[in-house]
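Position one of the sequence shown corresponds to residue 26 (the working numbering), numbered consecutively onward. For every residue, glycine included, the Cβ atom is placed at its ideal position computed from N, Cα and C. Just so it is clear, the structure is predicted and the values come from calculations on it, not from any experiment.
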Amino acid sequence: MASNDANLNLSLAGRQLGDYRMLRRLGRGGMSVVYLAEQMSLKRRVAIKVLKSDLAEDESYVRRFHKEAQAAAGLVHANIVQIHEVGQTDGIHFIAQEYVQGQNLRQYLQAQGAVDIQMGLSVLRQVAAALHKAGQSGIIHRDIKPENIMLSPTGEVKVADFGLARIVDSGDSMDATQVGMTMGTPLYMSPEQAQGGKIDPRSDLYSLGGTAYHMFSGRTPFEG
């Protein structure tokens, strides 16, 4: 599996993927490798999430990958990373999304330590606004944590990676294990989500509370 990922990174560095010229790798997640790219037609920088090559062979993962984009693309809000396009080129599945300059909250906390009250409240207000928008659209993020909170140099905050998002039918709660696994990050996860039970938008608020604890104290709410 590691070999497949390495081959993917090497093969896309400097290549063109549809309308996008791949510049460099930014990082990786559980499902995808993220690149900085230039959208040739619009002359703008974007972030490209490429489904890992081993997962691209699994139809269920491919469906989940595209479902992420479809859910997130409908969330147009100043505090949510915007999805521009979801596509497939030469068997490579990708999502083109807004590129946010700056760093994520975890990187900030590692470098600077706990935040002051003014900054912390600003971050919480903006993340809460993003979650409110998602909740109105029937979407639960399911993985609110410092790594998924982007901080721009201007102070604007954007919530990234709705990769664990699931649409809630008719406003009802949902079973976190419906895809066969409990998703999310344990250190910030609500008890009901950790136990594979029913979740709703309040689960995201619990995770935001854990993130707030980390911001103001400089340490995670739990050890693990």
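Residue burial is scored here from C-beta neighbours: Thr210 has at least 16 other C-beta atoms within 10 angstroms and is therefore classed as buried. Nearest neighbour of Ala121 by Cα position, chosen from Ala155, Gln113, Ile169, turns out to be Gln113. Boundaries of the beta strand (DSSP E) around Val59: 57-64. Beta-bridge partners of Glu123 (DSSP): Val71. Rounded to the nearest whole angstrom, the CA to CA distance from Glu123 to Ile108 is 6 Å. In the assembly as shown, Gln218 is a buried residue. Its beta-carbon has 16 or more other beta-carbons within 10 Å. Going by beta carbons, Val71 and Asn104 fall outside the 8 Å limit. Non-local C-beta neighbours of Met65 in its own chain, meaning closer than 8 Å and more than five positions away in sequence, comprise Gln41, Asp44, Tyr45, Arg46, ordered along the chain.
When beta bridges are read from the DSSP output, Arg46 appears opposite Gln41, Glu63. According to the DSSP secondary-structure assignment, Thr114 is paired through a beta bridge with Ile117.
Sorting Ala154, Gln95, Ala139 by C-alpha distance to the C-alpha of Arg244 places Ala139 at the top. Taking every protein chain shown into account, the CB of Glu93 has 16 or more other CB atoms within 10 angstroms, so this residue is buried. If you look at Lys92, you'll find it in the alpha helix (DSSP H) that goes 84-98. Assignment of His157 by DSSP, reduced to helix, strand and coil, places it in the helix class.
Bounds of any alpha helix (DSSP H) do not take in Leu212, whose DSSP letter is neither H nor E.
His239 and Ala62 have their C-alpha atoms spaced approximately 32 Å apart.
Secondary structure of Gln137 (DSSP, three-state): helix. If you compare the alpha carbons of Val87, Val75, Ala97 with that of Ile165, the shortest gap goes to Ala97.
Annotation for Ser228: Ser215, Gln218 place their beta carbon closer than 6 Å to its own, counting only its chain and skipping 5 residues before and after.
For the pair of segments examined, the stretch 127-142 was found not to touch the stretch 51-59: the number of CB pairs separated by less than 8 Å stays below three. Per the DSSP secondary-structure output, Arg53 pairs in a beta bridge with Val58. Secondary structure note for Ile169: it is in no beta strand (DSSP E), with a DSSP letter that is neither H nor E.
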